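Undergrad: Have a look at this one.
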Amino acid sequence: FNDTATTEIYTLSLHDALPIYLLARTTNLIEKNNLEISLNKKNGSSLKREFDTKMQNYQFDQALKIIWNKLRKADATITKTQPWTIRDRKELIKILEPIVQDILNVAGLLQPFMPLISEKIIKNLTAKKIIKTKPLFPRI
Numbered sequence: 010f011n012d013t014a015t016t017e018i019y020t021l022s023l024h025d026a027l028p029i030y031l032l033a034r035t036t037n038l039i040e041k042n043n044l045e046i047s048l049n050k051k052n053g054s055s056l057k058r059e060f061d062t063k064m065q066n067y068q069f070d071q072a073l074k075i076i077w078n079k080l081r082k083a084d085a086t087i088t089k090t091q092p093w094t095i096r097d098r099k100e101l102i103k104i105l106e107p108i109v110q111d112i113l114n115v116a117g118l119l120q121p122f123m124p125l126i127s128e129k130i131i132k133n134l135t136a137k138k139i140i141k142t143k144p145l146f147p148r149i
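Under our numbering, the residue at position 38 of the sequence shown is numbered 47, and the numbers go up by one with no gaps.
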């Protein structure tokens with residue numbers, strides 16, 4: 010193994026396994042349509058309880074699966090609803106707000122595994138004005 014090969018495998022695995030562009034797609038839609046999204050920073054308690062149970066039992070892989078499944082579900086919602094085709098602002102907010110809330114909830118759970126990524130996501134989603142986020146794991 011060498012650093013280049015490891016980096017390439019890691020990057021390709023992330024792109025294939027995770028909804029990498031979910032945050033970028035969502036924040037782009039929010040910024041482009043100048044939407045105001047209301048988020049509850051203390052939301053996601055059932056998700057957190059489930060995650061915490063896995064972490065306390067040293068089931069780190071299962072804890073990560075909880076995170077990725079939540080993100081995949083949000084990504085599937087974006088793909089299914091195609092919010093980029095919707096012009097009604099209220100309808101866009103109705104679709105995007107729960108997705109952004111899920112991303113924010115997951116970002117807090119990611120902290121033990123990816124502290125810098127977690128911090129970037131939380132900082133952007135809790136800012137007064139949400140702006141488009143660049144992909145967190147760009148292809149190399």
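Just so you know, even glycine gets a beta-carbon here, dropped at the ideal spot from N, CA and C. Computed from a prediction, not measured in an experiment: that's the story for all the values here.
Count the other CB atoms within 10 Å of the CB of Asn43; is the residue buried (16 or more) or exposed (fewer)?
TA: Exposed, since its Cβ has fewer than 16 Cβ neighbours within 10 Å.
Undergrad: Which first and last residues belong to the alpha helix (DSSP H) in which Asn78 is found?
TA: Where Asn78 is concerned, the enclosing alpha helix (DSSP H) stretches over 69-90.
Undergrad: Pair every Cβ in the region 70-82 with every Cβ in the region 111-128, then say whether three or more of these pairs are closer than 8 angstroms.
TA: Yes: the two stretches touch, three or more of their Cβ pairs being nearer than 8 angstroms.
Undergrad: Using a Cβ-Cβ cutoff of less than 7 angstroms, which residues in the same chain neighbour Pro92 once the five nearest sequence positions on both sides are dropped?
TA: Excluding positions up to five away in sequence, the list reads Leu38, Leu101, Ile104, Leu105.
Undergrad: Could you name the residues of the same chain whose beta carbon sits closer than 6 angstroms to that of Ser127, not counting the 5 residues immediately before and after it, in chain order?
TA: Counting only Cβ-Cβ distances below 6 angstroms, and skipping sequence neighbours, we find Ala116, Leu119, Gln120.
Undergrad: Relative to the C-alpha of Arg58, which candidate in Ile76, Asn49, Leu48 has its C-alpha closest?
TA: Cα-wise, what sits closest to Arg58 is Ile76.
Undergrad: Cα-Cα, which of Phe122, Thr90, Tyr67 is closest to Pro107?
TA: The shortest C-alpha separation from Pro107 is found at Thr90.
Undergrad: Considering only the alpha carbon of each residue, which of Lys41, Ile46, Val109, Glu40 lies closest to Arg81?
TA: Arg81 has its Cα closest to that of Val109, out of Lys41, Ile46, Val109, Glu40.
Undergrad: Is it buried or exposed, Ile140, if we count other Cβ atoms within 10 angstroms and call 16 or more buried?
TA: Exposed, by the Cβ-count rule.
Undergrad: So what's Leu44 in DSSP terms, helix, strand or just coil?
TA: Coil, per DSSP.
Undergrad: Return helix, strand or coil for Ser22, following the three-state DSSP convention.
TA: With a pLDDT of 46 at Ser22, under the threshold of 50, the modelled position of this residue cannot be trusted; read the value that follows with caution. Ser22: helix per DSSP, three-state reduction.
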